[in-house]
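When we follow the numbering used here, the leftmost residue of the sequence shown carries the number 1135, and every step to the right adds one.
One structure is given here, and the rest of the page talks about it.
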Amino acid sequence: MKIEEKFIEYEKLLKEWSTKMNLVAPSTLTNIRQRHINDSAQLAKYIPKDVNIIDLGSGAGFPGVVLAILGWNVTCIESIGKKTKFLSELKEKLDLPNLTIINDRIENFLSKTPVKAGDFVFTARAFAPLIKIFDYTHKTKCRLFLLKGREIDSEILIAKAGYKFDYKLYKSETGDGYIAYIYNLK
């Protein structure tokens, strides 16, 4: 199956599963490609190809599954069992051997999994405030590529009260949010 075919199948499965559970806002189901897939895919410009991705709170698979379709090795961490069932069906139906699905809380996963800074990066979309993400990930020294909304400046101010870090913000190409690239997190 080609990349475009995988995205078409992804949209179909998301619509099917959304009749059973809340995976994305219902108002966005008519524009899945732009609102979710293209929004997630814009990270591909910034993430090096030679790293493994750990996607935090993967939910409906954004951005983790999109990045797996585009060729990265991705581990999706999701604590809600029925969402991991959806992610597992995506892995199977889209034939994504480079996608690993973990049904666990992030803090549990990171406490038992060695994550080395040069080998891994973290991604997240619509997951948690910056400071909470830092609470989970700061010990790993990994870089983060986060899809964040308009409130990113206030999230950065709050996070600077507890952490030191460098960052770059890139304007989203698909909405009014940002891609936050975080590095040197201490």
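We put the CB at the ideal spot given by N, CA and C, even for glycine.
Computed from a prediction, not measured in an experiment: that's the story for all the values here.
With a 10 Å radius around the Cβ and a threshold of 16 neighbouring Cβ atoms, GLY1283 comes out exposed. If you compare the alpha carbons of ALA1260, ASP1238 and SER1152 with that of PRO1197, the shortest gap goes to ALA1260.
By the criterion of at least three beta-carbon pairs nearer than 8 Å, the stretch 1137-1153 is in contact with the stretch 1191-1207. Taking each of VAL1208, LEU1228, ILE1235 and ASN1172 in turn and checking the Cα distance to LYS1219, the smallest one comes out for ILE1235. Excluding five sequence positions before and after SER1222, the CB atoms of its chain that fall closer than 6 Å to its own CB belong to ILE1235, given in chain order. Excluding residues up to 5 positions away in sequence, ILE1187, ASP1189, PRO1197 and PHE1279 lie with their Cβ nearer than 6 Å to the Cβ of THR1257 in the same chain. For ALA1293, there is no enclosing beta strand (DSSP E); the residue is found in the alpha helix (DSSP H) stretching over 1286-1294. DSSP, read as helix, strand or coil, puts ALA1202 in helix.
Among the bridge pairs identified by DSSP, LYS1302 is matched with TYR1315.
With contacts defined as CB atoms closer than 8 Å, LEU1303 and TYR1317 fail to qualify as a contacting pair. Under a 10 Å Cβ-count criterion, ALA1251 is classified as exposed, with fewer than 16 other Cβ atoms of the shown protein chains found around its own Cβ. Here ALA1175 is buried, its C-beta having at least 16 other C-beta atoms within 10 Å.
Between LEU1224 and VAL1199, the C-beta spacing is below 8 Å.
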